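First the structure, in the form of structure tokens, and then the observations on it.
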Amino acid sequence: MDLVQRPEVQRLRRIRQLGVGHLVFPGAEHTRFNHALGAMALMQDALSSLAEKGTRVLREEHTAALVAALLHDVGHGPFSHSLEHTLIRDFEHEAMSRAILVHLRDELGGGPLALAL
């Protein structure tokens, strides 16, 4: 199964990148999903640039870098940073991202997810 189609990633479609910014700026509809895909695209550009300069990146490293870019914010909750330390004390999205990565690694059998950790 394509990692982008996993429910852990698809849920990012419902989380706004800009928190409550859309209440002030109606066009601020950017989601964590859009952000994750953009981060992965930028990582692909960076990897292509390295290849053009003659830097050898192993296939496993290439895939792991793309996976890391895609999943770097997978642990964000509703309203992202806006309420992170207000409603839920001691919550860090980085720790939740890591827990989700570990779950996916265990469920999917390692591979690039193991390297991305």
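Residues in the sequence shown are numbered consecutively from 1260, following the working numbering. We treat Cβ as the ideally placed atom computed from N, Cα and C, and that holds for glycine. Quick caveat: nothing in here was measured; it's all calculated off a predicted structure.
I'd like to confirm something about residue i: is its beta-carbon nearer than 7 Å to some heavy atom of the ligand ATP, or not?
{"i": "Thr1322", "result": "Although the ligand ATP was asked about, the structure shown includes no ligands whatsoever."}
From residue i to residue j, what does the alpha carbon distance come to, in whole angstroms?
{"i": "Met1260", "j": "His1331", "result": "Confidence at Met1260 is low in this model, with a pLDDT of 47, below 50, so the placement of that residue should be treated as unreliable; the coordinate-derived value is given next. Met1260 and His1331: Cα-Cα distance of roughly 19 Å."}
{"i": "Val1268", "j": "Leu1277", "result": "18 Å"}
{"i": "Leu1262", "j": "Pro1337", "result": "21 Å"}
{"i": "Ser1356", "j": "Pro1266", "result": "14 Å"}
{"i": "Ala1358", "j": "Glu1366", "result": "12 Å"}
{"i": "Thr1314", "j": "Phe1284", "result": "43 Å"}
{"i": "Leu1301", "j": "Gly1280", "result": "24 Å"}
{"i": "Gly1297", "j": "Arg1270", "result": "16 Å"}
Measuring alpha carbon to alpha carbon, tell me which residue in the options is nearest residue i.
{"i": "Leu1306", "options": "Arg1291, Asn1293 and Ala1323", "result": "Ala1323"}
{"i": "Glu1288", "options": "Arg1315, Arg1270 and Arg1275", "result": "Arg1275"}
{"i": "Ala1328", "options": "Met1299, Arg1318 and Ala1310", "result": "Met1299"}
{"i": "Gln1303", "options": "His1321, Thr1290 and His1362", "result": "His1321"}
Under DSSP, the alpha helix (DSSP H) around residue i begins and ends at which residues?
{"i": "Gln1303", "result": "Arg1291 to Glu1311"}
{"i": "Glu1319", "result": "Arg1318 to Leu1330"}
{"i": "Arg1315", "result": "Looking at the DSSP string, Arg1315 is not in any alpha helix (DSSP H), and its letter there is neither H nor E."}
{"i": "Arg1273", "result": "Element bounds for Arg1273: n/a, residue is neither H nor E."}
Going by the beta-carbon positions, is the gap between residue i and residue j smaller than 8 Å?
{"i": "Gly1334", "j": "His1352", "result": "yes"}
{"i": "Leu1309", "j": "Val1316", "result": "yes"}
I believe residue i touches residue j by the beta-carbon criterion, under 8 Å. Please report the beta-carbon distance rounded to the nearest angstrom.
{"i": "Arg1272", "j": "Phe1292", "result": "4 Å"}
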